[in-house]
Amino acid sequence: MLHVAAATDRSYWLHLPTLLNSIVAHTRQPVTAHVLVRDVPEAAEWARRNSRGALRINVIDTTGFMDGVRLYLGRHITRATMDRLMLPDLLPTVDRAVYLDIDTLVLTDLNDLYRRDAGPTGLLARPSEHPGFTTVSRALQSWRHDNLDRILPLIDPDWPGFNAGVMLMDLARLRECGFVEQTTRWVRDFGVNDQVACAIYARGEFAHLDPTWNVFVGKDHERTTPWNILHWAGVKKPWSPDVALHELWRQYGLGPIAQPTILRTPVPGVSLVTACMNRHDHLRQTLPTWLNKGFAEVVVLDWSSMPPVRDIVEDHQDGTIVYVELVEPQGYFHQAKSKNLKMRLARNPLICMMDSDVQILADDFLARHPMGDRMFYAQGGANLGGSGLFWRSDWDCFGGCNEGMVGWGHEDSDLHHRMEDAGWRWNKLLTDTVRHIDHDHDDRTRNFAAEHRDRHQTLRTNKLIAQQSCQWHQERFNVRIHRPGQIPDERIV
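Residues in the sequence shown are numbered from 1184 upward in steps of one, following the numbering used here.
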């Protein structure tokens, strides 16, 4: 029996069969695929129906692992990537496994890789060749890690990095060496991603994997042969039609393993979220229009308004409004951070984002904006850039808004374009269902820091930041959550 492992969440769940089809097509001996899944309740039933012949699918629910930990992940990476760190403990009776990212394609028999020596630390992986990632310290510097000054004194600057998307993991050796304890400690203490945690654990003593077993599509696939395993590492994924070798990926998607379905929570399992700073007059006009529209909750994030907007919330409380205040006051408004925070505060899988100056006019607003897979609603007219409908899992998949952007503008368009470029369908909000309250630009920017109030300058700056495709993390905040009829709950979100 050959053991392989992969990790996914709802965002990449639909692409799992393509990887499994490629494995089954080329591997001659029976395969057990251990699939670590988050937030996919239908996964177990799908695995049962597709475990047949030489393939057995073992689903392990990892929902909640590392939740609440501040992580530094790229815009194309979700928290599911961290779950591989738990494999030695999750598979206590398995001695070794080939770990594969969802965006890989197997084109040869894995048995040759499976039999190889994983070295003294139990990891066989391809060394990093990109100048910014050849060592762990360079990788941390490239990602502009906030904890860099704390981490660098604890590691050797020459420890080499490697790509963790294709690895042979000697699980028995990893258990002996305390892999899970060591890697998860680095994650919890410093927020490093799984790849950095693995490289720090290995201290340069990992076994080197030949590049043919982890061929980077778009980077070295034209000069590397044979293609044993193709890997679309980075932002561009194989399921996008404009990506190199997309047709090859698509062919394996037509294999015998059935495409899974996505079970969506039906209306009214929808959260409406908003954030405001000193927009008292606007909130008085918009909040009543959001009620009785079928939303399970209306989350109002008060970004240190003076005075707080809590009285407005209480005047309209109908049992669905959740008032959230920041425990540590913020001197200025931050668009991207507030948007990411209010999305994290929502309890439901489908989220309606509304700026505090946008009214909902249509009682059938939700019915007129039906949601499906790989789609979102946004904009639709002037001054509606901050409003739309998103699946929470999609927002997380793309990293939300880039918090490196400051001032007014482009953080929303940047996210929308990233989603559209990856194959998500961008639908416009119907302009007759919403209304923007007219106000001048000075009113729009007065809560930003003085140096960020020039909209033309901040737009230019934020567009340059978007072009750099840099990674960012989502800052966590200490908040106090007031739910109707409950004791206020203070927590870091």
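The beta carbon of each residue, even a glycine, is placed where N, CA and C say it ideally should be.
Let me know the secondary structure DSSP gives residue i once reduced to three states.
| i | result |
| --- | --- |
| threonine 1448 | In this prediction, threonine 1448 scores a pLDDT of 44, lower than 50, which makes its location untrustworthy; the coordinate-derived value is nonetheless stated afterwards. Threonine 1448 falls in the coil class under three-state DSSP. |
| glutamine 1542 | strand |
| glycine 1564 | Residue confidence is low: glycine 1564 scores 49 on pLDDT, short of 50, so the model does not pin down where it sits. No coordinate-derived value is stated. |
| histidine 1593 | coil |
| alanine 1176 | Outside the shown range of the chain, which is 1184 to 1676, sits residue 1176, and nothing can be said about it. |
| tryptophan 1578 | helix |
| valine 1218 | strand |
| lysine 1646 | helix |
| valine 1400 | coil |
| alanine 1280 | strand |
| glycine 1514 | coil |
| isoleucine 1243 | strand |
| glutamate 1183 | Outside the shown range of the chain (1184 to 1676) lies residue 1183, about which nothing can therefore be said. |
| methionine 1537 | coil |
| histidine 1552 | coil |
| valine 1617 | strand |
| leucine 1322 | The sequence as given places alanine at residue 1322; leucine does not occur at that position. Looking at alanine 1322 - three-state DSSP - the assignment turns out to be helix. |
| methionine 1249 | coil |
| methionine 1184 | coil |
| glutamate 1603 | helix |
| glutamine 1521 | Checking the displayed sequence, the identity of residue 1521 turns out to be serine instead of glutamine. Helix. |
| alanine 1390 | strand |
| glutamine 1640 | helix |
Verify the CB distance criterion: does residue i have a CB-CB separation below 8 Å to chain C?
| i | result |
| --- | --- |
| serine 1234 | No chain C is part of this structure, which consists of one protein chain only. |
Following the continuous beta strand (DSSP E) through residue i, name the residue where it begins and the one where it ends.
| i | result |
| --- | --- |
| tryptophan 1473 | Not the beta strand (DSSP E): tryptophan 1473 falls in the alpha helix (DSSP H), residues 1463-1473. |
| leucine 1572 | 1571-1574 |
| tyrosine 1384 | Run containing tyrosine 1384: none in the beta strand (DSSP E); it sits in the alpha helix (DSSP H), 1377-1385. |
| arginine 1309 | 1306-1310 |
| leucine 1354 | That residue, leucine 1354, is in no beta strand (DSSP E); its alpha helix (DSSP H) goes 1354-1359. |
| arginine 1674 | 1672-1675 |
| glutamate 1683 | Residue 1683 falls outside the range modelled here, since the chain spans only 1184 to 1676, and no answer is possible. |
| asparagine 1661 | 1661-1665 |
If you measure from the CB of residue i, is any heavy atom of the ligand MG nearer than 7 Å?
| i | result |
| --- | --- |
| glycine 1555 | In terms of ligand content, the structure shown is empty, and the ligand MG therefore cannot be addressed. |
Based on Cα-Cα distance, which residue from the options lies nearest to residue i?
| i | options | result |
| --- | --- | --- |
| leucine 1132 | Arg1193, His1465, Leu1428 and Leu1572 | What is shown of the chain runs 1184 to 1676, which leaves residue 1132 out entirely. |
| arginine 1406 | Pro1394, Arg1321, Gly1417 and Tyr1515 | Pro1394 |
| phenylalanine 1399 | Val1349, Ile1543, Trp1609 and His1622 | Val1349 |
| leucine 1202 | Arg1262, Phe1389, Gly1436 and Arg1232 | Gly1436 |
| serine 1596 | Trp1607, Gln1562 and Asp1672 | Gln1562 |
| alanine 1390 | His1600, Met1536, Gly1344 and Arg1368 | Gly1344 |
| alanine 1263 | Asp1192, Ser1311 and Val1662 | Asp1192 |
| leucine 1293 | His1186, Thr1408, His1593 and Ile1670 | His1186 |
| histidine 1463 | Glu1480, His1600, Ala1441 and Ser1539 | Ser1539 |
| proline 1667 | Pro1310, Arg1267, Val1482 and Arg1333 | Val1482 |
| valine 1492 | Leu1455, His1665, Gln1434 and Asp1556 | His1665 |
| leucine 1455 | Val1207, Gln1442, Ala1605 and Asn1475 | Asn1475 |
| threonine 1641 | His1517, Asn1661 and Asn1346 | His1517 |
| arginine 1215 | Glu1225, Pro1224, Arg1231 and Arg1221 | In the sequence as displayed, the identity of residue 1215 is threonine instead of arginine. Closest by alpha carbon: Arg1231. |
| arginine 1267 | Ala1347, Asp1372 and Phe1660 | Ala1347 |
| isoleucine 1243 | Arg1368, Ala1189 and Ile1206 | Ala1189 |
| threonine 1261 | Leu1413, Leu1199, Asp1498 and Tyr1195 | Tyr1195 |
| tryptophan 1369 | Ala1382, Cys1360, Glu1359 and Leu1357 | Ala1382 |
| histidine 1465 | Thr1503, Gln1442 and Arg1618 | Arg1618 |
Counting along the chain, where does the alpha helix (DSSP H) carrying residue i start and finish?
| i | result |
| --- | --- |
| proline 1271 | 1270-1273 |
| tyrosine 1435 | 1429-1435 |
| arginine 1232 | 1226-1233 |
| valine 1496 | 1493-1499 |
| asparagine 1330 | Element bounds for asparagine 1330: n/a, residue is neither H nor E. |
| valine 1207 | 1199-1209 |
| valine 1363 | 1362-1373 |
| aspartate 1295 | 1294-1297 |
With DSSP as the reference, identify every bridge partner of residue i, one or two as the case may be.
| i | result |
| --- | --- |
| phenylalanine 1345 | Pro1310 |
| cysteine 1459 | Asp1485 |
| leucine 1288 | Leu1413 |
| lysine 1611 | Ala1561 |
| methionine 1350 | Tyr1282 and Ala1308 |
| leucine 1238 | Val1214 and Arg1235 |
| valine 1453 | Leu1533 |
| glutamate 1586 | Beta-bridge pairing links glutamate 1586 to no other residue. |
| glutamate 1480 | Ser1454 |
*Touching or not, the stretch 1490-1508 and the stretch 1570-1579, by the rule of three or more beta carbon pairs under 8 Å?*
no
*Per the contact definition of three or more C-beta pairs closer than 8 Å, is the stretch 1283-1301 in contact with the stretch 1375-1384?*
no
*asked:* Does the stretch 1411-1420 come into contact with the stretch 1329-1343, if we say contact requires no fewer than three beta-carbon pairs (one atom in each stretch) closer than 8 Å?
replied: no
*asked:* With three or more C-beta pairs closer than 8 Å as the rule, is the stretch 1234-1241 touching the stretch 1469-1482?
replied: no
*Any contact of the stretch 1511-1527 with the stretch 1483-1496, i.e. 3+ C-beta pairs under 8 Å?*
yes
*asked:* Three or more C-beta pairs under 8 Å: does that hold for the stretch 1205-1218 against the stretch 1293-1307?
replied: Touching, per the Cβ criterion.
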